[in-house]
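Asks:
2 protein chains.
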Amino acid sequence: MKIPTFADVCEAHDRLCGHVVRTPLLRCDALDNAVGRPVFVKAECLQTTGAFKYRGASNRIMQLTEAERSAGVVAYSSGNHANGVAAAAQEAGVPALIVMPADVPAVKSDGVKARGAKIVYYDRQTENREEIAQKIAQERGAVIVPPYDDAIVIAGQGTAGMECAEQCQEIGVTPDAIVVNAGGGGFTAGIALAWSELCPQARIYTAEPAEFNDHERSFKAGEKQRNAKLAGSVCDALLTPEPGDITFAVNKKLVSAGLCASDDEAFAAMRFAFSHLKIVLEPGGAVALATALAGRVPGEGPLVVLATGGNVDPALFAQVISDRPD
Amino acid sequence: MKIPTFADVCEAHDRLCGHVVRTPLLRCDALDNAVGRPVFVKAECLQTTGAFKYRGASNRIMQLTEAERSAGVVAYSSGNHANGVAAAAQEAGVPALIVMPADVPAVKSDGVKARGAKIVYYDRQTENREEIAQKIAQERGAVIVPPYDDAIVIAGQGTAGMECAEQCQEIGVTPDAIVVNAGGGGFTAGIALAWSELCPQARIYTAEPAEFNDHERSFKAGEKQRNAKLAGSVCDALLTPEPGDITFAVNKKLVSAGLCASDDEAFAAMRFAFSHLKIVLEPGGAVALATALAGRVPGEGPLVVLATGGNVDPALFAQVISDRPD
């Protein structure tokens, strides 16, 4: 089990520079006032494919050998990783097949198809996506690009942490804390590796849907805890059974604690981002912002929030912004 | 009548650097494919207050004398300029009063109030906002910050042109054309001053709502033409009676032609920006993108589109994204 290091994140940063979008760090007075401290939102919804996942997928696919490239890649994903892999594979001229849950939002499966990848659907409640992917990969001699529990993927995700540490320095801000949406914990692990070196004063928190707080409970227990269920939150991007082995090995050392927010709080954060930041967030991409708006992040100094994705079906988004604010 | 120069834009760029948001230049394969050429969207909806107007307002208010600062500023605006002036005045500790049309979207008047400015409403069809503003300014000894027909305001708006010329250079793109939403033509004039020096190969186009194409007709006639009506498009940010005197003096020399798009095409562009770029655009902020998506911009090389604002009422945005794509 290869555990990624800060050096791996630095290498990925060099590799991906100019290839991924250096997403902006947004702020506004309304957000500072609502949270009661300076808040900066790293808008990864503006990343290629509308989510940070393109970083890790690119870092993996750009390192394939010639033989691996022709056999192609296989991935399993709730949606954003699928699109990241499909886009990175298409750019590299590598065939891609994605195993996706049958209840995935259409906006996510449409993106995968538009990017030329093939889809195999599975049932989130009864089937094991990793087994399905492994079987297909073995048949084809293809490389699996895991969504989070992989050193190269984690290093790629960490490039967002390198960027926002640089961006804080550029504007003269010394952050007190950073909050990262966590499904399998790969984005958190990558950012934690970067920030433990570049912003060692900052506390690092995960953000999860309230009933899928496996990270929060795992940090408290000191060992991996599973979620009681595998579906039932609108935050489809964050519904994983438990933290990854590699991600948890990193995060249990570097993360201060887990935070969580309800689906309604995620909706309120989507409305806030629409009204004041002019960005589109999906529910799972808005949970970290929701914990900030709920005043749940310890400390009083500058806070960085990762807004991880914006792939949301129009009907849901329309409903969320039409609801009256709380 | 002081006509601004490239040097004025450069000075404004130095003054505003670090004060305004260096908004990102966004792109995606779906957009390139839809338009049939490389397209880059300068996302000024991510500017402070959700629109480029903050640039010009800041450039003016940062140059007030001490005596002028205590008397305060007065502005007249369909909404985005009002918010730009209110925000820049609040930051500078200067009192602001804004004359706004009675039919302005609530999202725009709410922002002005939240930023501590006072509002006087007028009827867009029967009253003259400039006369109202001048009367109030005379009574108070206050400085008027005009929305577009002012050399200092135009120079401030031009900083967006400086930025996106720099951003094109950073990514090695030589743009063939740039399209800018035009109401009074101040944003176009500022950008044209910057681009005629920095990207002299690029053609410059205005974009207007189809029935409010005063710039398009004025360029053809060689002199200022008025719109037949003053209301009746959902693109509230772009409904001005005619080009400004100063803006037209600049634009008639530097702009190639005027383009336009229907309200429905603006809605389609808002949907596209929502789905593929993950940004929120108001109708008037999406017209330039609409002309690009409609294939109306001459040439085949790289194209830069200004997305000028994102201040749209949630109910309208929900309706637009819920409509089925054409």
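Taken in sequence, the protein lines are chains A and B.
Heads up: the first sequence is residues 1 to 326, going by my numbering.
Heads up: the second sequence is residues 1 to 326, going by my numbering.
In this text, a Cβ means the ideal position worked out from N, Cα and C, and glycines have one as well.
What you are looking at is a predicted structure, and each value in this text was computed from that prediction instead of being measured.
Taking 8 Å as the cut-off, does the stretch 193-206 of chain A touch the stretch 255-265 of chain A (at least 3 CB pairs, one atom from each stretch)?
Replies: Using a C-beta cut-off of 8 Å, the stretch 255-265 of chain A makes contact with the stretch 193-206 of chain A, since at least three inter-stretch Cβ pairs fall below that distance.
Asks: Counting only the same chain and skipping the five closest in sequence on each side, list residues whose C-beta sits under 6 Å from that of A:D150.
Replies: none
Asks: Would you say B:V85 reaches chain A, if we count a Cβ-Cβ gap shorter than 8 Å as a contact?
Replies: Not closer than 8 Å to any Cβ of chain A, the Cβ of B:V85 fails to qualify, so no.
Asks: Contact between the stretch 262-276 of chain A and the stretch 217-224 of chain A is defined here as three or more beta-carbon pairs at a separation below 8 Å; is this criterion met?
Replies: no
Asks: Let me check one thing: in DSSP terms, what residues is A:E66 bridge-paired to?
Replies: Beta-bridge pairing links A:E66 to no other residue.
Asks: What number of angstroms, rounded off, separates the C-alpha of A:Y54 from the C-alpha of A:T48?
Replies: 7 Å
Asks: Between A:A268 and A:A290, how many whole angstroms is the CB-CB distance? I'm expecting something under 8 Å.
Replies: 7 Å
Asks: Measuring only the C-alpha atoms, how far is A:A43 from B:E139?
Replies: 45 Å
Asks: 8 Å is my cut-off, CB to CB: does B:A315 come that close to chain A?
Replies: yes
Asks: Classify A:D326 as buried or exposed, calling it buried when 16 or more other Cβ atoms lie within 10 Å of its own Cβ.
Replies: With a pLDDT of 47 at A:D326, under the threshold of 50, the modelled position of that residue is not reliable, and the figure given next carries that caveat. Burial call: exposed.
Asks: On the DSSP bridge list, what partners appear for A:F40?
Replies: A:V304
Asks: Mind checking who B:G309 pairs with in its DSSP beta bridge?
Replies: B:A51
Asks: Going by the CB atoms, is the gap between A:N181 and A:V287 shorter than 8 Å?
Replies: yes
Asks: Is there a Cβ from chain B that is less than 8 Å from the Cβ of A:P24?
Replies: yes
Asks: Report back the beta-carbon spacing between B:V304 and B:I171 to the nearest angstrom; my notes put them in contact at under 8 Å.
Replies: Actually they are not in contact, since the Cβ atoms of B:V304 and B:I171 sit about 11 Å apart, beyond 8 Å.
Asks: Using the Cβ count rule (16 or more neighbours within 10 Å means buried), how would you classify B:Q319?
Replies: Of the residues assessed, B:Q319 falls on the exposed side of the cut-off, its CB having fewer than 16 other CB atoms within 10 angstroms.
Asks: Determine the DSSP secondary structure at B:A202, reduced to helix, strand or coil.
Replies: coil
Asks: Can you find a C-beta in chain B that's less than 8 Å from the C-beta of A:V305?
Replies: no
Asks: What did DSSP end up calling A:D326 once you bin it into helix, strand or coil?
Replies: Because the pLDDT at A:D326 is just 47, under 50, the model does not fix this residue reliably, and the value given afterwards should be weighed accordingly. It is coil, neither helix nor strand.
Asks: Below 8 Å on the Cβ atoms is my contact criterion, and I expect A:G285 with A:A307 to pass it. Report the Cβ-Cβ distance as a whole number of Å.
Replies: 6 Å
Asks: Closest by CA to A:G18, which one among B:A12, B:L25, B:I246?
Replies: B:L25
Asks: Taking three-plus beta-carbon pairs below 8 Å as touching, is the stretch 237-249 of chain B in contact with the stretch 77-87 of chain B?
Replies: Cβ pair count under 8 Å is three or more, so yes.
Asks: Could you tell me which chain B residues have their CB closer than 7 Å to the CB of A:K339, listed as they occur along the chain?
Replies: It is not possible to answer for residue 339 of chain A, since the shown part of chain A is limited to 1 through 326.
Asks: Quick one, are the C-beta atoms of A:G161 and A:I119 less than 8 Å apart?
Replies: no
Asks: What is the DSSP secondary structure of A:A102, reduced to helix, strand or coil?
Replies: coil
Asks: Going by DSSP in three states, B:I171 sits in which element: helix, strand or coil?
Replies: coil
Asks: So which residues on chain D does A:F274 lean against when the C-beta distance must stay under 8 Å?
Replies: In the structure shown, chain D does not exist; the protein chains are A and B.
Asks: Can you give me the Cβ contacts of A:A231 inside the same chain, cut-off strictly under 8 Å, excluding the 5 residues immediately before and after it?
Replies: D103, R124, Q125, L239
Asks: Pull up the DSSP beta-bridge partners for B:L97, would you.
Replies: B:V74, B:K118
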